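Under numbering that gives the first Met the number 0, the first residue of the sequence shown carries the number 0, and numbering increases by one thereafter. For glycine and all other residues, C-beta sits at the position ideal for the given N, C-alpha and C. All figures in this text were calculated on a predicted structure; none of them were measured in a lab.
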Amino acid sequence: MDIEDIQIYVETPDSPRLDPTKQMPSWILLITFMGTRKLSSNHVQYFKQLLGSESAVIDGVSKDASADLEAFNCDWLRKYRGHTKLVLRPKSTEEVSKIVKYCNDNMLAVVPQGGNTGLVGGSIPVFDEIIVSTARMNSIRSFDEMSGILVADAGCILEVVDQYLAGRSHIFPLDLGAKGSCHLGGNVSTNAGGLRLLRYGSLHGNVLGVEVVVPDGTIVDELSTLRKNNTGYDLKQLFIGAEGTIGIITGVSILCPQRPQAVNVAYLGLESFGKAQLAFREAKRHLSEILSAFELMDGISQELVERVAKKKPPLEGKHPFYCLIETSGSNKEHDDEKLEKYLEFVLSNDIISDGVLAQDETQVQSLWSWREGIPECLNHWGGVYKYDVSIPLPELYQLVDDTRERLSSAGLIGDDESLPVVGVVGYGHMGDSNLHLNVPTRRFDRDVEKELEPFVYEWIQKRNGSISAEHGLGIAKKPFIGYSRSRKMLDMMKDIKKLYDPNGIMNPYKYI
Ligand code: FAD
Ligand code: MLT
Ligand code: ZN
0 MDIEDIQIYV ETPDSPRLDP TKQMPSWILL ITFMGTRKLS SNHVQYFKQL LGSESAVIDG
60 VSKDASADLE AFNCDWLRKY RGHTKLVLRP KSTEEVSKIV KYCNDNMLAV VPQGGNTGLV
120 GGSIPVFDEI IVSTARMNSI RSFDEMSGIL VADAGCILEV VDQYLAGRSH IFPLDLGAKG
180 SCHLGGNVST NAGGLRLLRY GSLHGNVLGV EVVVPDGTIV DELSTLRKNN TGYDLKQLFI
240 GAEGTIGIIT GVSILCPQRP QAVNVAYLGL ESFGKAQLAF REAKRHLSEI LSAFELMDGI
300 SQELVERVAK KKPPLEGKHP FYCLIETSGS NKEHDDEKLE KYLEFVLSND IISDGVLAQD
360 ETQVQSLWSW REGIPECLNH WGGVYKYDVS IPLPELYQLV DDTRERLSSA GLIGDDESLP
420 VVGVVGYGHM GDSNLHLNVP TRRFDRDVEK ELEPFVYEWI QKRNGSISAE HGLGIAKKPF
480 IGYSRSRKML DMMKDIKKLY DPNGIMNPYK YI
């Protein structure tokens, strides 16, 4: 895309919304002007006094700090680039509260940032907003082994928390490929779904309470450790999936299940998506309560992992589709017997063409790497167009076929280095009807984007699907929200935003 192709539409908080289905080509950058102010060295001085320690403030206002700011200004996909000149790394909720109050009083815009692994540009400033990073707020506050309820700071890294829980025979109810970097606050703010939602459900159910600093600096302490609490509106739900637009989450209380004692993983090769659906149906029938993941990977996704990671595939032959099945239970013998019966059934009924069962923990990890490693391998070339969508299961893969057909007809795909598209790839959380349609490219390319958007969104809207199943909207999906949400819902979201953030300082210019 050339810079002159970008049209900037400046919206004020009260101006009518554009109808994205009619008026919004994807290359319009929609900016809501909130009247926030420019950062000065006096402001920086205030933050330095407040936070004290050198490492708590990365100051690019009074000196050149571009090298230190780089990791905060660029997203995981290398698609969005911000221009922050100031990163604040508070250590406590009280410090976050003082920062936010000062920003609100002085009309300074703020972007909350956790591990910066989000895939829709939500954690990156659009201009020079101040980044408030949760990286130094990383203590586990309490864990009750009897109830399994954990209370932790928002900046705890998911994998670190899960290891802590493993030592206490529990497991975090969310697992995802970015676990080594993402923070609990980021997970809750994106309502991340991940690899085991099928078993443990969504964070909307597992999060029992949150501690949040709202835009006027007030600390809202809703860190409940109760499983049941029907006393009026359940307002914590507003912050789960809000993507940092109405407050900064500083603490989380979450229900963690018992860690399963027996885990099995099978990796299957299949001839068609129809057969993958049969395999899923039979998995639910044979494995019911022990089924903890059912993931889909198409042939090209696995070929690209093989090519980039340079490792030997789990199965001898090539197959158009692969599924990864995980079971988690409390009795190894019982689970082994169930899984063996399932595998016998799907093999003898010609539902799967081949399969392998992990024999030990190393093989479990190795089979998972063929699924979890896909996003990183697709990011190997110049860029990836990512669509994270919910579609009714029978049509889930049709979107990949139709997109591939469209890009092929446009002459954009191929091995030839001059062509922009490397391939059209489908994988995802089949057990949740959540497809990841990915188009890895050698460079971000306007012609490719024109073929993809609004085509993909229209396709999803026709099937009453969702344009964002689990990654959120951030800045990437902002123009397209109308494909999945009615005007009434958008107006209600805007009302909430205006109520809690009247000055528009909290993660401005994003989806709301
Ligand atoms: P960030 O990227 O830092 O922020 C994400 C959003 O939350 C931003 O809008 C930010 O402003 C806001 N935010 C962050 N912290 C706070 C806070 N404390 N308070 C308020 N707002 C805050 N997602 C899935 O759902 N399922 C997956 O399986 C999955 N797998 C992934 C695999 C890889 C390899 C990668 C790179 C990403 C994956 N993701 C997945 C994306 C996912 O959203 C993030 O990994 C994770 O949930 C974001 O956490 P984070 O700490 O990195 O948040
Ligand atoms: C995944 O399931 O691997 C993640 O959501 C990341 C992605 O979609 O690439
Ligand atoms: Zn996912």
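Residue from the options with nearest C-alpha to residue i
| i | options | result |
| --- | --- | --- |
| V109 | L85, H318 and E360 | L85 |
| D444 | Y384, I466 and V423 | Y384 |
| K288 | T326, I253 and V447 | Reading the sequence as shown, one finds Glu at residue 288 and not Lys. Answer by Cα proximity: T326. |
| Y482 | V307, V187, I350 and S465 | S465 |
| T440 | E242, K78 and Y45 | K78 |
| G430 | S96, A409, E375 and Y199 | Y199 |
| I459 | P391, E93, L254 and R442 | P391 |
| K310 | S365, L269, T361 and L356 | S365 |
| N115 | G473, Y499 and M492 | G473 |
| A241 | S485, K487 and E469 | E469 |
| P312 | I98, I504, W369 and H428 | W369 |
| Y508 | D494, L222 and A475 | A475 |
| M505 | G184, S389, E210 and G216 | G216 |
| A151 | S252, Q257 and F344 | S252 |
| T402 | E360, G372, P393 and V447 | V447 |
| Y266 | Q112, K461, Q44 and Y321 | Y321 |
| N137 | R226, G185 and E315 | G185 |
| P124 | Q362, P111, L118 and I156 | P111 |
| E93 | K283, I247, I351 and I495 | I247 |
| G81 | K90, K283 and A70 | A70 |
Rounded separation between residue i and residue j - CA only
| i | j | result |
| --- | --- | --- |
| G382 | L197 | 30 Å |
| N378 | L346 | 34 Å |
| A55 | N502 | 26 Å |
| A261 | A66 | 46 Å |
| V304 | G273 | 24 Å |
| I144 | R167 | According to the sequence shown, residue 144 is Glu rather than Ile. So the alpha carbons of these two residues sit roughly 7 Å apart. |
| L254 | F171 | 8 Å |
| S417 | S300 | 21 Å |
| S329 | Q358 | 17 Å |
| K493 | I130 | 23 Å |
| L43 | G176 | Reading off the sequence, residue 43 comes out as Val, not Leu. So the two alpha carbons sit approximately 36 Å from each other. |
| D414 | G422 | 9 Å |
| Q22 | K331 | Unreliable placement is indicated for Q22, whose pLDDT of 38 sits below 50; the coordinate value is still reported in the next sentence. Taking the straight line from one Cα to the other gives about 57 Å. |
| G147 | V399 | 40 Å |
Three-state secondary structure assigned by DSSP to residue i
| i | result |
| --- | --- |
| G231 | coil |
| P256 | coil |
| S96 | helix |
| T116 | coil |
| F443 | coil |
| L149 | strand |
| F320 | strand |
| T464 | Rather than Thr, the amino acid found at residue 464 in this sequence is Gly. It is coil, neither helix nor strand. |
| N437 | strand |
| P111 | strand |
| E281 | helix |
| G193 | coil |
| G410 | coil |
| R226 | coil |
| F171 | coil |
| K497 | helix |
| D58 | strand |
| G503 | coil |
| P24 | Below a pLDDT of 50, predicted positions are generally treated as unreliable, and P24, at 41, falls in that range; the measurement from the model is reported next regardless. Three-state result, P24: coil. |
| T402 | helix |
| Y163 | helix |
| Y508 | coil |
| D104 | helix |
Run of the beta strand (DSSP E) containing residue i, from where it starts to where it stops
| i | result |
| --- | --- |
| L290 | L290 to D297 |
| E210 | V206 to V212 |
| K385 | G382 to S389 |
| E416 | Neither: E416 is in no beta strand (DSSP E) and is coded neither H nor E. |
| L314 | That residue, L314, is in no beta strand (DSSP E); it is neither H nor E in DSSP. |
| F142 | I139 to D143 |
| H333 | It is not in any beta strand (DSSP E) - H333 instead sits in the alpha helix (DSSP H) that spans K331 to S347. |
For residue i, the first and last residue of its enclosing alpha helix (DSSP H)
| i | result |
| --- | --- |
| N263 | Taken as a continuous stretch (DSSP letters only), N263 belongs to no alpha helix (DSSP H), being part of the beta strand (DSSP E) at A261 to L269. |
| S65 | S65 to N72 |
| R370 | E360 to E371 |
| V420 | That residue, V420, is in no alpha helix (DSSP H); it is neither H nor E in DSSP. |
| L392 | Premise fails: L392 is in no alpha helix (DSSP H) and is neither H nor E. |
Contact with chain B by residue i, beta-carbon distance below 8 Å
| i | result |
| --- | --- |
| W75 | Absent from the structure: chain B. Only one protein chain is present. |
For residue j and residue i, believed in contact at Cβ under 8 Å, the rounded distance
| i | j | result |
| --- | --- | --- |
| L173 | L202 | 7 Å |
| D353 | P319 | In fact, because the Cβ distance is near 12 Å, the residues do not count as touching under 8 Å. |
| L434 | V420 | Wrong, their Cβ atoms sit about 18 Å apart, outside the cutoff. |
| K496 | I245 | 6 Å |
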